[in-house]
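For reference, the structure discussed in these notes is given below.
Residue numbers (this note's numbering): 1403 to 1961.
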């Protein structure tokens, strides 16, 4: 009750809030300070500031605080993870340690006994302490210590996979510590907003990287994690229902997790490499990736045109771009915008990434002969109004799409081309007759993804015209924005991504050029007269509006 009296005396909480917090504390079996924060009675910063003043403990901003690597070595990971403390630096003969619970006197006694040095505690937010622990001691460092101790005793340690038996791998993968370690890797990826987890084996090393906003970032993991490579890979295989004894052939599977009340679907791809098996896990978060059309980042003109297109009764609309450019997300947003009781929507996908309510989704299965082309031929007998094809890859799929369009259906699909005006030529290269392309294709839209500047920390600046790309024309004294870095964006300067778009609308001039197999540059010229804005130009528009910066546009678009 000492904590309760301090907070009530300082007017941070009232008696009613304290009573609710005490009930919450008992039901969740957590500390009172965490209960107060979780029910929203007080912020962690205000709570720590008040306690710090009362106990003569300063509150430190750990995001900006320097950490002495030599001091970090003084404390073993086991103690750091168990007590949730972070050694910072040595000052005035005192070892300063950050804690989030000011009443954790036992932890300070342990540190003083272990190091033989006088210890001074400073207060820090729990999340910031956790971040520093992961950065300096590695993700899952406490679990690695448990594994090291346990494995050394029972002899299950295996630094590679060549000599390991399936029975041993199964036993290792079922250990509580291995299960905890794999869960920690996935949960950390979700917390970091990662779209993929890359687990890559090298000689004497296991690399784990997260792809966040399209950029790969190394995860902070202990160096000893490579000793448990076989156990980690086997655990992931078990979760994905894969054969742990097969290490010579690629395998694909799926895992379903529930994290914080959200369902996370994980697509797992395992490929054999020189030093073991490499794994890539694609995280599909249904709660955060099902966007609406206005959330995609289209400017008003492109949005209006695209909305009119998807309301058309028939024709083919293609979304083009490289892998990972958000094409499928755009198609899902389009389906969300048009689905309803009045129309029937059918999709053929490989694989079905997200379940859409009101949409009939068919998964491709090559093992039983369920291909795109076969699925399309069958679904037309189900009287759909709108058909979505995951990707047009070959002549058979393209022909089925054209046939669906000619028989009065709206067809949405993706295609791998670099720009919107190359889509007609790509269809003709597959073998579709030019007159069919010109009569069925109503639009093609190329897109890329650029990282958005963090709204909390981006800053305006006056650029030097000599350092800007030649095609970016600014008016005198026009200001742009650049990345800085703050707590909200984890010091990257970017948070989230936005699309840049290039929408080619079919008209008579373009149709005539396609019919006569004219080259792409002539189609671009005609489309420009019809109002086409190139990807690069849409990127510059978003740069001027402070949505992204010059480097992102240059990296993701070509002149």
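Just so it is clear, CB atoms sit at the ideal spot from N, CA and C, and this is done for glycine as well.
Whole-angstrom Cβ separation of residue i and residue j, contact assumed at under 8 angstroms?
i, j, result
"residue 1733", "residue 1721", "6 angstroms"
"residue 1849", "residue 1903", "5 angstroms"
"residue 1372", "residue 1694", "Missing from the structure shown is residue 1372; the chain here goes from 1403 to 1961 and no further."
"residue 1925", "residue 1915", "5 angstroms"
"residue 1653", "residue 1672", "5 angstroms"
"residue 1469", "residue 1444", "In fact, because the Cβ distance is near 28 angstroms, the residues do not count as touching under 8 angstroms."
"residue 1408", "residue 1420", "With a Cβ gap of about 11 angstroms, residue 1408 and residue 1420 do not count as contacting."
Between the Cα of residue i and the Cα atoms of the options, which residue gives the shortest distance?
i, options, result
"residue 1463", "1526, 1825, 1915 and 1799", "1526"
"residue 1825", "1718, 1846 and 1475", "1846"
"residue 1659", "1930, 1586, 1747 and 1695", "1586"
"residue 1477", "1459, 1516, 1787 and 1498", "1516"
"residue 1781", "1795, 1806, 1796 and 1793", "1806"
"residue 1442", "1763, 1426, 1513 and 1775", "1426"
"residue 1906", "1886, 1919 and 1929", "1929"
"residue 1917", "1520, 1713, 1911 and 1836", "1836"
"residue 1717", "1607, 1804 and 1522", "1804"
"residue 1663", "1687, 1730, 1584 and 1646", "1687"
"residue 1670", "1900, 1751 and 1601", "1601"
"residue 1598", "1626, 1646 and 1588", "1588"
"residue 1584", "1620, 1531, 1639 and 1428", "1639"
"residue 1578", "1637, 1528 and 1536", "1637"
"residue 1883", "1927, 1712 and 1944", "1944"
"residue 1680", "1712, 1698 and 1651", "1651"
"residue 1606", "1614, 1593 and 1624", "1624"
"residue 1657", "1649, 1647, 1643 and 1648", "1643"
"residue 1393", "1471, 1762 and 1455", "Given a span of 1403 to 1961 for the chain in the structure shown, any question on residue 1393 remains unanswerable."
"residue 1541", "1743, 1512, 1594 and 1881", "1594"
"residue 1789", "1900, 1745 and 1535", "1745"
"residue 1491", "1511, 1467 and 1480", "1467"
"residue 1873", "1957, 1777, 1932 and 1942", "1942"
"residue 1899", "1939, 1404, 1726 and 1521", "1726"
"residue 1875", "1533, 1628 and 1946", "1946"
"residue 1783", "1770, 1747, 1755 and 1756", "1747"
Can you give me the C-alpha to C-alpha distance between residue i and residue j, rounded to a whole angstrom?
i, j, result
"residue 1866", "residue 1894", "23 angstroms"
"residue 1724", "residue 1959", "11 angstroms"
"residue 1508", "residue 1622", "28 angstroms"
"residue 1955", "residue 1857", "18 angstroms"
"residue 1591", "residue 1738", "27 angstroms"
"residue 1879", "residue 1864", "7 angstroms"
"residue 1616", "residue 1853", "8 angstroms"
"residue 1877", "residue 1869", "15 angstroms"
"residue 1406", "residue 1609", "46 angstroms"
"residue 1841", "residue 1701", "28 angstroms"
"residue 1823", "residue 1446", "54 angstroms"
"residue 1839", "residue 1812", "14 angstroms"
"residue 1565", "residue 1635", "Residue placement at residue 1565 is poorly supported in this model, since its pLDDT is 47, which falls under 50; the coordinates are not used for a value here."
"residue 1768", "residue 1948", "45 angstroms"
"residue 1766", "residue 1810", "24 angstroms"
"residue 1886", "residue 1892", "11 angstroms"
"residue 1710", "residue 1814", "14 angstroms"
"residue 1555", "residue 1661", "Residue placement at residue 1555 cannot be trusted, given a pLDDT of 33 that sits under 50; what the coordinates show is reported in the next sentence. The straight-line gap from Cα to Cα measures roughly 33 angstroms."
"residue 1715", "residue 1667", "33 angstroms"
"residue 1559", "residue 1630", "In this prediction, residue 1559 has a pLDDT of 38, which is less than 50 and means its spatial position is unreliable; what the coordinates show is noted afterwards. About 7 angstroms."
"residue 1553", "residue 1759", "Its pLDDT being 42, under 50, residue 1553 is placed unreliably by the model, and nothing is read from it."
"residue 1750", "residue 1819", "20 angstroms"
"residue 1775", "residue 1802", "6 angstroms"
"residue 1871", "residue 1953", "10 angstroms"
"residue 1562", "residue 1677", "Per-residue confidence for residue 1562 stands at a pLDDT of 43, beneath the threshold of 50, marking its modelled position as unreliable; the derived number appears in the next sentence. Rounded to the nearest angstrom, the two C-alpha atoms are 8 angstroms apart."
"residue 1911", "residue 1808", "21 angstroms"
Measuring CB to CB, does residue i end up less than 8 angstroms from residue j?
i, j, result
"residue 1596", "residue 1612", "yes"
"residue 1696", "residue 1708", "no"
"residue 1524", "residue 1506", "no"
"residue 1501", "residue 1487", "yes"
"residue 1908", "residue 1844", "yes"
"residue 1618", "residue 1728", "no"
"residue 1503", "residue 1433", "yes"
"residue 1465", "residue 1785", "no"
"residue 1423", "residue 1437", "yes"
"residue 1919", "residue 1832", "no"
"residue 1793", "residue 1816", "yes"
"residue 1473", "residue 1489", "yes"
"residue 1922", "residue 1827", "yes"
"residue 1603", "residue 1675", "yes"
Handout entry: Sequence ranges, alpha helix (DSSP H) only - wholly within the region 1717 to 1764, length at least 4
Key = 1729 to 1740
Exercise for the section: Run through the region 1913 to 1942 for me and flag every whole alpha helix (DSSP H) of 4 or more residues, listed as ranges in chain order. Expected result: Within the region 1913 to 1942, the alpha helix (DSSP H) runs of at least 4 residues that lie entirely inside it are, in chain order, 1922 to 1931.
Practice task
Only counting runs of 3 or more residues, tell me where the beta strand (DSSP E) segments fall wholly within the region 1600 to 1652, in order along the chain.
Solution key: As far as the region 1600 to 1652 is concerned, its whole beta strand (DSSP E) runs of at least 3 residues are 1607 to 1614 and 1617 to 1620.
Exercise for the section: Just list the beta strand (DSSP E) runs in the region 1468 to 1536, keeping only unbroken ones of 3 residues or longer that don't cross its boundaries, in chain order. Expected result: Runs of the beta strand (DSSP E) inside the region 1468 to 1536: 1488 to 1493, 1496 to 1501 and 1521 to 1525.
Practice task
Would you list, in sequence order, the uninterrupted alpha helix (DSSP H) runs of no fewer than 4 residues that lie entirely inside the region 1669 to 1697?
Solution key: 1688 to 1691
Exercise for the section: Any chance you could list the beta strand (DSSP E) runs of at least 3 consecutive residues sitting entirely within the region 1836 to 1918, in chain order? Expected result: Every beta strand (DSSP E) stretch that sits fully inside the region 1836 to 1918 and reaches 3 residues is listed by chain position as 1843 to 1855, 1861 to 1863, 1882 to 1884 and 1896 to 1907.
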